[in-house]
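Per the working numbering, the sequence shown starts with residue 159, numbered consecutively. Every residue, glycine too, gets a C-beta built ideally from N, C-alpha and C. See structure below.
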Amino acid sequence: MKGESKVTIVCSLKDRASQNIKNSIFSLRKWDIIPEENISVFEYKDFRLVEIGESLIFQDGLDKKLSDLGYPASLLIFASKHRSKDMRPVLTVHSTGNVNEAKFGGAPKTLSHAAPQAVRSLLRSLKMLAENEEYEVTLECTHHGQAAWISHPFLLK
Numbered sequence: 159m160k161g162e163s164k165v166t167i168v169c170s171l172k173d174r175a176s177q178n179i180k181n182s183i184f185s186l187r188k189w190d191i192i193p194e195e196n197i198s199v200f201e202y203k204d205f206r207l208v209e210i211g212e213s214l215i216f217q218d219g220l221d222k223k224l225s226d227l228g229y230p231a232s233l234l235i236f237a238s239k240h241r242s243k244d245m246r247p248v249l250t251v252h253s254t255g256n257v258n259e260a261k262f263g264g265a266p267k268t269l270s271h272a273a274p275q276a277v278r279s280l281l282r283s284l285k286m287l288a289e290n291e292e293y294e295v296t297l298e299c300t301h302h303g304q305a306a307w308i309s310h311p312f313l314l315k
């Protein structure tokens, strides 16, 4: 419902992994399509999925943009591709922010407020879902930003 704060999953049309995650999420439950002009919005109970046409990595201020459209987020989750340096098949979870410079979105020396309960839940779910697969499930350290100005206490500032 417009105006209601929800856990928001952000997917990109430009990211094949993001699209795979979206399609897997949609296969689990029937989501309602919310008519919107410039973005695709879907809702299921306390969750919202927003699909954008741009890359996810440089979405600084997305929380404010979504709120201005009437879709405030209680938590933002970016469903995106990550590649390990050694090319191992991994599924990762991490909070966003930059310890030093900001090569990949966000602001330099700006860390997010972590959402440890969400991180724990996502890690446990990924481990359970990947149990018989060849994926390693890992918690990564903060290494890039996204949506660097979120004002919710569990999100980026």
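Under the three-state DSSP convention, the category residue i falls into
i    : result
S225 : helix
K285 : helix
A237 : coil
Q177 : helix
S242 : coil
F312 : Since pLDDT at F312 reaches only 33, below the 50 mark, its modelled position is unreliable, and no value is offered.
I183 : helix
L280 : helix
Bridge partners - residue i, DSSP secondary structure assignment
i    : result
G255 : L269
R206 : T166, E201
V295 : L249
Cα-Cα separation between residue i and residue j, rounded to whole angstroms
i    : j    : result
I308 : K261 : Since pLDDT at I308 reaches only 35, below the 50 mark, its modelled position is unreliable, and the value read off the structure follows with that caveat. Whole-angstrom Cα-Cα distance: 19 Å.
S170 : V199 : 12 Å
E201 : L207 : 6 Å
H252 : E298 : 5 Å
N290 : R282 : 14 Å
E259 : P266 : 5 Å
K285 : S225 : 32 Å
F216 : R174 : 17 Å
K222 : S176 : 22 Å
N181 : L227 : 24 Å
Check whether residue i and residue j have beta carbons under 8 Å apart
i    : j    : result
G264 : D218 : yes
L214 : F184 : no
V295 : A288 : yes
L269 : G255 : yes
S163 : S232 : yes
Y293 : V257 : no
I210 : V168 : yes
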